[in-house]
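When the letters of the sequence shown are read in order and numbered with my numbering, they come out as residues 144 to 391.
Using N, Cα and C, we set each Cβ at its ideal position, and we do this for glycine too.
If you're wondering where the values come from, they're calculated on a predicted model, not measured in any experiment.
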Amino acid sequence: MMRYEKTVRATFIERENRFMATVRLEDGSEVKVHVKNTGRCRELLVPGCKVYLEDFDGRMGSRKMRYSLIAVEKKRPGMGDLLINMDSQAPNKVVQEALETGVLELPGMKGELTTVKPEQKYGASRFDFYVESEHDRAFIEVKGVTLEEAGFARFPDAPTERGLKHINELVGAYAEGYEAFIVFVIQMKEMHVFGPNYETQPEFGRTLIEAEKAGVKILAYDCEVRPDSLKLDMPVAIDLNEKQAEEE
């Protein structure tokens, strides 16, 4: 389980830019905070919503801002509030922990993992993980998912050329004898299905389908989310079908 040393609750006011926002602390003071997710997150960071901050008081080092925004309570009329971790560094951390402890099983990999190396270069890309078992070797790309629509998790929330590049290079790695995986880490609970966000980037979904046909394995897991922690939890059903997305 990935833990934050100290967290506090606040109210979101506005986002200044990709890296910074203004929030109101519970004592009424307004402060600038670092946003640990450069994505759009427009459906999450709504003025007045409750957010959670990691507090670096006493361990600032070279930091310029005391707080980092790491999670948000999303209002869902008729469905209840949903706590979503939006720290873009967190998915890799929980996947590494799950790989090293054997919680995350990789279909097709025979035997226990003997090697887990983060940030490994292959071709023109740098994949999130390279792993080995006694009989196999594989590259893994991790994608954090924060977009939710009525119980359905979606990726991406904005067009991603980098994401397309990673998928295509995983296909190339598989063709050269490696196992290849994309792990979608859904940074929330209560999701019924994960699927591509065809409305935002149809090409991503279609490229994902072709990659699966070529041998790349696609996994999706939800997370146990608390204000001060994140843990990879249960597999989530995957539907890559564009028609299904249109019907929802």
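Exercise. With DSSP collapsed to three states, give me the class of residue 263.
Key: In the sequence shown, counting from the first residue as 1, residue 263 sits at position 120. It is a strand residue.
Quiz prompt | Beta-carbon proximity list for residue 237, same chain, < 7 Å, skipping 5 on both sides | solution = In the sequence shown, residue 237 corresponds to position 94, counting from 1. Around residue 237: 145, 328, 366, 373, 374 and 375.
Exercise. Confirm, please, whether the CB-CB distance from residue 307 to residue 325 is below 8 Å.
Key: Looking up residue 325 in the sequence shown gives position 182. Looking up residue 307 in the sequence shown gives position 164. Contact flag unset, no.
Practice problem: Would you check if the stretch 278 to 288 and the stretch 164 to 179 touch, i.e. whether three or more CB-CB distances between them fall below 8 Å? | Solution: No: the two stretches stay apart, fewer than three of their Cβ pairs being nearer than 8 Å.
Self-check item: Same chain, Cβ closer than 7 Å to residue 283, five either side skipped, listed in chain order
Solution: Here residue 283 is taken as the residue at index 140 of the sequence shown, counted from 1. Within the same chain, residue 283 has close Cβ partners 270, 271, 272, 274, 324 and 326.
Practice problem: May I have the straight-line CA-CA distance separating residue 268 from residue 309, to the nearest angstrom? | Solution: Within the sequence shown, numbered from 1, the residue matching residue 268 stands at position 125. Within the sequence shown, numbered from 1, the residue matching residue 309 stands at position 166. Their Cα atoms are separated by approximately 7 Å.
Practice problem: Compute the beta-carbon to beta-carbon distance between residue 235 and residue 261, rounded to the nearest angstrom, for a pair I have assumed lies under 8 Å. | Solution: For the purposes of this step, residue 235 is taken as the residue at position 92 of the sequence shown. For the purposes of this step, residue 261 is taken as the residue at position 118 of the sequence shown. Yes, they are in contact, since the Cβ atoms of residue 235 and residue 261 sit about 7 Å apart, within 8 Å.
Quiz prompt | Distance between residue 187 and residue 219 (C-alpha atoms, nearest Å) | solution = What you label residue 219 is simply residue 76 of the sequence shown in a count that begins at 1. What you label residue 187 is simply residue 44 of the sequence shown in a count that begins at 1. Roughly 11 Å between the two C-alpha positions.
Quiz item: Which class does residue 335 belong to by DSSP, given the choice of helix, strand or coil?
Solution: Working through the sequence shown from its first residue, we reach residue 335 at position 192. Residue state, collapsed to three classes: coil.
Exercise. Whole angstroms is fine: what's the gap from residue 207's alpha carbon to residue 214's?
Key: As a working note, residue 207 is residue 64 in the sequence shown. As a working note, residue 214 is residue 71 in the sequence shown. Computed Cα separation, rounded: 20 Å.
Exercise. Counting only the same chain and skipping the five closest in sequence on each side, list residues whose C-beta sits under 8 Å from that of residue 361.
Key: One-based indexing of the sequence shown puts residue 361 at position 218. Cβ within range, chain order: 324, 325, 327, 351, 354, 355, 381 and 383.
Quiz item: Which one of 179, 204 and 294 has the shortest CA to CA distance from residue 224?
Solution: Here residue 224 is taken as the residue at index 81 of the sequence shown, counted from 1. Nearest option by C-alpha distance: 294.
Quiz prompt | Residues that residue 372 bridges to, as DSSP identifies them | solution = Position 229 of the sequence shown, counted from the start, is the residue given in the question as residue 372. According to DSSP, which records beta bridges pairwise, residue 372 is partnered with 146 and 369.
Quiz prompt | CB of residue 212 within 8 Å of CB of residue 151, strictly | solution = Taking the sequence shown and counting its residues from 1, one reaches residue 212 at position 69. Taking the sequence shown and counting its residues from 1, one reaches residue 151 at position 8. Cβ atoms of residue 212 and residue 151: not closer than 8 Å.
Quiz item: Quick one: what's residue 151 bridged to in DSSP?
Solution: What you label residue 151 is simply residue 8 of the sequence shown in a count that begins at 1. BP columns for residue 151 point to 196.
Quiz item: Hey, residue 242 and residue 226 are a contact pair by Cβ (cut 8 Å); roughly how many whole angstroms apart?
Solution: Translated into positions along the sequence shown, residue 242 becomes position 99. Translated into positions along the sequence shown, residue 226 becomes position 83. With a Cβ gap of about 25 Å, residue 242 and residue 226 do not count as contacting.
Quiz item: If we ignore side chains and look at the alpha-carbon of each, how far apart do residue 189 and residue 162 end up?
Solution: The count along the sequence shown starts at 1 and reaches residue 189 at position 46. The count along the sequence shown starts at 1 and reaches residue 162 at position 19. Distance between the alpha carbons of residue 189 and residue 162: 16 Å.
Quiz item: Hey, would you say residue 322 sits closer than 8 Å to residue 252, going by beta carbons?
Solution: By 1-based counting over the sequence shown, the position of residue 322 is 179. By 1-based counting over the sequence shown, the position of residue 252 is 109. Their beta carbons are under 8 Å apart, which means residue 322 touches residue 252 by this criterion.
Quiz item: For residue 182, which of helix, strand or coil comes out of DSSP?
Solution: Translated into positions along the sequence shown, residue 182 becomes position 39. The answer is coil: DSSP assigns residue 182 none of H, G, I, E or B.
Exercise. From the DSSP output, read off the bridge partner residues of residue 362.
Key: As a first step, residue 362 must be located in the sequence shown, where it is residue number 219. Answer by DSSP bridge pairing, in chain order: 326.
Exercise. Report yes if the CB atom of residue 183 is closer than 8 Å to the CB atom of residue 301, and no otherwise.
Key: Working through the sequence shown from its first residue, we reach residue 183 at position 40. Working through the sequence shown from its first residue, we reach residue 301 at position 158. At a Cβ-Cβ threshold of 8 Å, residue 183 and residue 301 count as neighbours.
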